[in-house]
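In our numbering, the protein residues as written are 4 to 553.
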């Protein structure tokens, strides 16, 4: 019998991330007087060194910040756009199968993460950006030992990229950067990235413009052009991020906040609204009735996700209608308690009006940040600009090529995004900043963690350690659809009695797949105690992370 791990408790500040070395970098910034935002940027930069298959300055960023000075939440959408010079018609002609490419130069969109760092820093930072990035620079120069889960994911990703025909003749910069003698870093091996250290130093000293308009931008654009892509210096120079108002629902007295589209955060709110129609508090975490309801709620919410989520600059998603309680009642009424839905559909009466790393950081002044950053697929597009030490994201893979779809590709448009930070409040006060990595697993993982805490009264560590399910199937925003029943993976510790019961109801349960296809998420979370103000943090064993506080 395994002994549950307790959460970590600290009175002043806390960092929770998926890599121990990155958490140490962030904690050092807090102890030197940096704000939670300073520490979050430092942690994110360090993650780009040790977890480059998941994140980096070639990707996008989203954040929800509790502004303790104003007692309000602020949301940041730092996702970049498609190239202005690449038309839908050209993209359609370039597609071999009628869908967006998953990797390669045509999958690249403008990286928004660095712009996001500077907007966050301008509003909430204390230390100079050069100081904030110094820990990550040292880590890249001195080297970092690679952990068990990181080694496995890195190795799998390198194998996939080498087999991808979209990258034929384009992988030399990638292999030079992320392998030695064509092999990824071994378990316990030390990985160094001097080129990334140089890029981070240029950004720290030169500011936002050094990345989007200076020598880094020039090399990014040249490398993309040589690879056959369209993103150019004008696209980089025109990169804009957007402060947005988080959207929320109240679930059993707790206010849950997500960011509006082009991300998928509304799916979390929709799933919770549907589950609220049922007495989950009368169940247990190993009750088949709970898991049946969870899977059916997921299917219904994801059908709406496939139909309505897109860049709000091009399409106004029916946000309020989708998270309305009466709509949730209608959707919940479609659930048969004894049988899995074979062909769920999006809500027809809703009329439009519209791979990853996660970290939580909190400081002694009560500033709390929920931040998620990604380059999408492992190592993103696979395109590494010569001499810069990072891969460019493949977010254009999230577009649809159907011209009638809200998420259809267009020049200068943001694609559908999977990465979603989350935040929860009780009695209008900050309670829980958290997130779960893993593409389509992100809403599913968030809801499972929240139900574990709110319905089953678990602490934040046990809430993340509990065994999970992951459903894949149904309609997708990019147009690649699966059947309605789909496949539901379960982790080894999942109760076999629940598996048997769900299979009898028509669900198709399979043991967890190995590798990326079976990824069950990477959860980090920090709770703020409402009485003492102390922080209670958690990280899960599915990755190589740590929670650290002081």
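Glycine included, C-beta positions come from ideal geometry on N, C-alpha and C.
In this text the structure is predicted, and so the values were computed from the model without any measurement.
Closest residue to residue i among the options (Cα-Cα distance)
i, options, result
"residue 377", "502, 319, 431, 420", "420"
"residue 95", "405, 502, 129, 427", "405"
"residue 369", "444, 148, 256, 436", "436"
"residue 58", "115, 233, 466", "115"
"residue 553", "30, 25, 165", "30"
"residue 309", "126, 206, 409, 188", "409"
"residue 171", "254, 135, 108, 159", "108"
"residue 618", "498, 478, 457, 487", "Given that the chain is displayed from residue 4 to residue 553, the structure contains no residue 618 and the question cannot be resolved."
"residue 472", "288, 403, 201, 338", "288"
"residue 192", "398, 299, 505, 153", "153"
"residue 203", "290, 87, 143", "143"
"residue 69", "238, 438, 426", "426"
"residue 270", "447, 511, 255", "447"
"residue 103", "332, 169, 459", "169"
Backbone CA spacing between residue i and residue j [nearest angstrom]
i, j, result
"residue 79", "residue 381", "24 Å"
"residue 489", "residue 111", "29 Å"
"residue 100", "residue 482", "11 Å"
"residue 352", "residue 293", "Residue placement at residue 352 cannot be trusted, given a pLDDT of 43 that sits under 50; the coordinates are not used to answer."
"residue 551", "residue 11", "7 Å"
"residue 272", "residue 530", "19 Å"
"residue 176", "residue 198", "11 Å"
"residue 442", "residue 74", "31 Å"
"residue 321", "residue 186", "48 Å"
"residue 148", "residue 84", "35 Å"
"residue 43", "residue 208", "18 Å"
"residue 546", "residue 364", "18 Å"
"residue 533", "residue 336", "36 Å"
"residue 299", "residue 329", "17 Å"
"residue 188", "residue 219", "26 Å"
"residue 559", "residue 268", "Any property of residue 559 remains undetermined from this structure, which presents the chain solely from 4 to 553."
"residue 257", "residue 284", "15 Å"
"residue 179", "residue 391", "11 Å"
"residue 476", "residue 155", "26 Å"
"residue 8", "residue 461", "12 Å"
"residue 355", "residue 445", "Here residue 355 scores only 35 on pLDDT, less than 50, and its place in the model should not be relied on; the value that follows carries that caveat. Between residue 355 and residue 445, the C-alpha separation is close to 25 Å."
"residue 511", "residue 16", "44 Å"
"residue 4", "residue 495", "For residue 4, the predicted model reports a pLDDT of 40, less than 50, meaning its position is unreliable; a value from the coordinates is still stated below. Rounded to whole angstroms, residue 4 to residue 495 spans 14 Å at the Cα level."
"residue 259", "residue 229", "45 Å"
"residue 359", "residue 440", "6 Å"
"residue 63", "residue 36", "27 Å"
"residue 181", "residue 254", "44 Å"
"residue 375", "residue 344", "32 Å"
"residue 517", "residue 295", "24 Å"
"residue 455", "residue 523", "16 Å"
"residue 46", "residue 28", "6 Å"
"residue 430", "residue 184", "56 Å"
Proximity of residue i and residue j at Cβ, strictly below 8 Å
i, j, result
"residue 525", "residue 21", "yes"
"residue 521", "residue 515", "yes"
"residue 194", "residue 162", "no"
"residue 541", "residue 464", "yes"
"residue 422", "residue 65", "yes"
"residue 383", "residue 61", "yes"
"residue 543", "residue 467", "yes"
"residue 213", "residue 223", "no"
"residue 19", "residue 53", "no"
"residue 403", "residue 349", "no"
"residue 38", "residue 366", "yes"
"residue 244", "residue 122", "yes"
"residue 252", "residue 275", "yes"
"residue 77", "residue 246", "yes"
"residue 136", "residue 291", "no"
"residue 157", "residue 56", "yes"
"residue 485", "residue 347", "no"
"residue 48", "residue 160", "no"
"residue 438", "residue 361", "yes"
"residue 3", "residue 221", "Because the chain in this structure spans residues 4 to 553, residue 3 falls outside the shown range and cannot be described."
"residue 238", "residue 113", "yes"
"residue 127", "residue 40", "yes"
Any non-hydrogen atom of the ligand ZN closer than 7 Å to residue i Cβ
i, result
"residue 90", "The ligand ZN is not part of this structure, which contains no ligands at all."
For residue j and residue i, believed in contact at Cβ under 8 Å, the rounded distance
i, j, result
"residue 413", "residue 91", "6 Å"
"residue 50", "residue 385", "No, residue 50 and residue 385 are not in contact; Cβ-Cβ is about 19 Å, not under 8 Å."
"residue 280", "residue 508", "Their Cβ separation, rounded to whole angstroms, is 18 Å, which puts residue 280 and residue 508 out of contact at 8 Å."
"residue 433", "residue 262", "Going by Cβ atoms, the distance from residue 433 to residue 262 rounds to 16 Å, so no, they are not a contact pair."
"residue 373", "residue 67", "5 Å"
Query raised in the report: Taking the runs of the alpha helix (DSSP H) that are 4 residues or longer, which of them lie wholly in the stretch 280–320?
Result: 291–311
Query - Complete beta strand (DSSP E) runs within the stretch 45–117 (minimum length 3 residues, chain order) - result: 63–70, 75–81
Query raised in the report: Which runs of the alpha helix (DSSP H), 4 residues or longer, sit entirely within the stretch 113–147?
Result: 116–127, 132–135, 137–145
Query raised in the report: Quick one: complete alpha helix (DSSP H) runs, 4+ long, within the stretch 361–396?
Result: none
Query raised in the report: Residue ranges of each alpha helix (DSSP H) run of no fewer than 4 residues wholly in the stretch 434–509, ordered along the chain?
Result: 444–457, 463–468, 499–507
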